[in-house]
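J.: Under the UniProt record's numbering, the first residue of the sequence shown carries the number 1, and numbering increases by one thereafter.
Submitted below is the structure of interest, expressed as structure tokens.
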Amino acid sequence: MATDTPRIPEQGVATLPDEAWERARRRAEIISPLAQSETVGHEAADMAAQALGLSRRQVYVLIRRARQGSGLVTDLVPGQSGGGKGKGRLPEPVERVIHELLQKRFLTKQKRSLAAFHREVTQVCKAQKLRVPARNTVALRIASLDPRKVIRRREGQDAARDLQGVGGEPPAVTAPLEQVQIDHTVIDLIVVDDRDRQPIGRPYLTLAIDVFTGTT
């Protein structure tokens, strides 16, 4: 994995000591592929623990932080717990709303777009007087889902088979831009002609989500 990953001030990376950054980057190299898996057995956890000089329990804690975080190296900074400032962690009631709607509304044969799904999340959060998550945050939650499960629920079992490797498991994503998910969404505005101001139609917004980092 390259060592020149951009340091983003908004995420607090610019204020990290070099040693902390390198440790977080090393953790991300090993923990991120594990966090992509539905289950992580003791053997895999022990191998990660040996590589990082940690205990098995600490490895599972890091896996949980990676899954709950925003998909950045800073999710695994030493001495910081998941859900802190800049981690992209939402209040538990909001996370619960997103999780429930993902199961009931997004992972369906209707194949709702990101924009439509975010509108539903917004409506439910407002009705419950909860903080409305940004669309990009919702997109990160979608990107963290198992691609096989998404395809199986939205496209059917036959389509899901195309994602399986020879051994029945998809290849692990181990580096940025190794796997990118694309989402096309109709924007809620009308484009007009620049001369006569006549309506042309609604444009599309295309989001490319890096599966390894969760960034767009």
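For every residue, glycine included, the Cβ atom is placed at its ideal position computed from N, Cα and C.
Note that this is a predicted model, so its numbers are computed, not measured.
1. To the nearest angstrom, how far is the alpha carbon of Ala208 from that of Val138?
2. How many whole angstroms separate the CB atoms of Val94 and Arg131, which I take to be in contact at a CB cut-off of 8 Å?
3. For the alpha helix (DSSP H) holding Asp18, just list the boundary residues, first then last.
4. According to DSSP, is Ala139 helix, strand or coil?
5. Would the beta-carbon of Thr213 fall within 8 Å of that of Leu72?
6. Considering only the beta carbon of each residue, do Arg148 and Leu102 sit closer than 8 Å?
7. Based on Cα-Cα distance, which residue from Asn136, Ala20, Ile190, Arg65 lies nearest to Ala115?
8. When we look at the beta-carbon of Ala134 and count the other beta-carbons within 10 Å, is it buried (16 or more) or exposed?
9. Going by the DSSP bridge assignment, what does Ile209 pair with across the sheet?
10. Looking only at its chain, what residues have a beta carbon closer than 7 Å to the beta carbon of Arg105, apart from the 5 residues adjacent to it on each side?
11. Taking the CB atoms as reference points, tell me whether Pro78 and Ala20 lie closer together than 8 Å.
12. Using only CA atoms, which one of Gln110, Leu145, Leu107, His99 lies nearest to Val124?
T.: On the basis of the supplied data:
1. Taking the Cα positions, Ala208 is about 14 Å away from Val138.
2. The distance from the Cβ of Val94 to that of Arg131 is about 6 Å, consistent with a contact at the 8 Å cut-off.
3. The continuous alpha helix (DSSP H) containing Asp18 extends over residues 18-36.
4. DSSP places Ala139 in the helix class (H, G or I) of the three-state scheme.
5. The Cβ atoms of Thr213 and Leu72 lie closer than 8 Å to each other.
6. Not closer than 8 Å, so no.
7. In this structure, Asn136 is the residue among Asn136, Ala20, Ile190, Arg65 with its C-alpha nearest to the C-alpha of Ala115.
8. Burial call: exposed.
9. DSSP lists Gln181 as partners of Ile209.
10. Only Arg112, Phe117, Glu120 meet the Cβ criterion.
11. Cβ atoms of Pro78 and Ala20: closer than 8 Å.
12. Ranking Gln110, Leu145, Leu107, His99 by CA distance to the CA of Val124 puts His99 first.
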